[in-house]
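Using this note's numbering, you'd call the opening residue of the sequence shown number 11 and step up by one each time.
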Amino acid sequence: MTSILVCGSLAFDDIGFFDQRLTADIRNVKLTRLYRTFGGCAINIAYNLKHLGDDPLPFVTVGDDYAPEYQAHLTRLAISQRGIRIVPDALSSRGIVLTDNEGAQFTAFYPGPPVPDDHAQELEKLKTEFDFEAAVIAPDVPEKMLTAANQLAQIPARLWCPGQYAELLDRQQVETLVTFANLLIVNAHEWQTLCQQCDELELRSAVDTLLVTDGPNPITLYYPLRCKQVHTQVQVPTIPPERQVDPTGCGDAFAAAYLHYQLAGEPPTSAAELATERAAACMAQRGCQNH
């Protein structure tokens with residue numbers, strides 16, 4: 011059982027569906043379905059790691075509304091709550107996700123409580139208390155991602171998933187976070203955004219392994235050939251889901267599974283293929299934590 015620290019967000023997700031195509035000029039949509047579910051990238055990743063047999067410990071900041079519903083949910087999953095930090099008189103993160111009839115999504119996200127003053131100190135305590143074999147920086151506000159990068163650089167396996175926050179990072183912040191990571195997982199839009207801040211070759215050379223997902227299209231995988239500066243590039247086909255119910259959380263499922271299989275010693279292409287199976291399982295269910 012691999013001990014993995016997962017830094018990021020815990021959120022309540024409101025997920026809606028509508029029967030139009032999402033375009034830039036749409037200002038008003040009528041939802042055909044709406045439901046609330048447990049989310050937040052850090053907990054989504056921890057959920058998948060737990061189901062794959064690892065021992066994740068999420069480090070997240072939440073509000074008063076964390077208990078009792080989400081608290082009971084994590085208790086049922088037997089996911090450690092040692093890193094849950096409750097800020098009084100605040101609301102936890104909220105994700106508002108709208109999905110159109112072709113699976114494209116519009117997401118609005120409220121990041122939750124302000125960063126506590128002792129955030130770095132508490133993260134350092136966790137790192138000292140537990141012997142983590144891997145660390146994940148899941149999408150979160152830049153301040154918290156940068157704090158984690160500075161505190162966790164000595165942990166052997168280090169994954170960064172910038173998510174939507176790729177658009178909020180400047181060049182120096184991207185360089186700091188890429189330097190932290192030896193594994194970087196992004197989607198095609200996020201990768202394009204990072205490459206607008208930094209040279210693409212420099213980004214690829216800064217990490218051992220890079221995966222660029224692109225929805226149902228093949229995954230682009232870069233991994234070391236002989237040394238860190240020389241990479242081979244392959245295209246890994248995705249696994250079509252049995253049912254296309256809800257794409258929310260599929261990226262988190264893929265990232266968690268790839269890290270799990272990499273730590274288990276699977277070759278990069280095999281790990282990517284197995285990770286797409288986990289993403290397909292998430293796609294076939296409603297919500298991020300029901301597969």
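Built from N, CA and C at the ideal position, the CB exists for glycine as well.
The segment 45–63 makes contact with the segment 75–93; the number of CB pairs closer than 8 Å reaches 3 or more. At least 9 Å separates the beta-carbon of Gln115 from that of Pro226. In its chain, beyond the 5 residues on either side, Pro228, Ile229, Thr230, Leu231 have a beta carbon closer than 8 Å to the beta carbon of Gln245. Under the 10 Å beta carbon count, Asn54 is surrounded by 16 or more other beta carbons and is classified as buried. Distance from the CA atom of Ala100 to the CA atom of Pro121, rounded to whole angstroms, is 11 Å.
Membership of Ser280 in any beta strand (DSSP E) is not indicated; the residue belongs instead to the alpha helix (DSSP H) covering 278–293.
DSSP places Phe119 within a strand segment (E or B) once states are collapsed to three.
Pairing Pro247 with Thr189 gives a Cβ-Cβ distance that is not under 9 Å. In this structure, Ser90 sits near Pro68, with a CB-CB distance shorter than 9 Å. The Cβ atoms of Asn192 and Asp209 lie no closer than 9 Å to each other. A Cβ-Cβ contact shorter than 9 Å links Gly18 with Ala148. Counting only runs that start and end inside the segment 219–279, the beta strand (DSSP E) elements of at least 3 residues fall at 219–224, 227–234, 241–246.
When C-alpha distances from Pro152 are compared across Leu273, Arg168, Glu143, Glu185, the shortest belongs to Glu185. Around Asp24, the same chain offers Leu44, Tyr45, Arg46, Arg104, Gly105, Ile106, Val107 as residues with beta carbons nearer than 8 Å, after the five sequence neighbours per side are excluded. Judged by DSSP secondary structure, Pro152 falls within the alpha helix (DSSP H) whose first and last residues are 152–161. Per DSSP, the unbroken alpha helix (DSSP H) holding Cys51 starts and ends at 51–61.
Judged by DSSP secondary structure, Val184 falls within the alpha helix (DSSP H) whose first and last residues are 181–190.
Excluding the 5 residues flanking it on each side, Pro126 has same chain C-beta neighbours closer than 8 Å at Thr71, Arg95, Val97, Glu132, in chain order. By alpha-carbon distance to Gly73, the top candidate from Val16, Met11, Asn111, Ala21 is Ala21. Note that the C-beta distance between Ala282 and Tyr268 is below 9 Å. In this structure, Ala167 is the residue among Asp150, Ala167, Leu156, Ala294 with its C-alpha nearest to the C-alpha of Ser13. In the structure shown, Cys171 adopts coil according to DSSP, grouped into three states. Under the rule that a run must span 4 or more residues, the alpha helix (DSSP H) segments found entirely inside the segment 189–214 read 198–207. Closest by C-alpha distance to Leu162, out of Ala130, Leu221, Met11, Asp64, is Ala130. Rounded to whole angstroms, the separation of the alpha carbons of Leu59 and Arg86 is 15 Å.
Counting the other CB atoms within 10 Å of its CB gives Asp150 a total of 16 or more, which places it among the buried residues.
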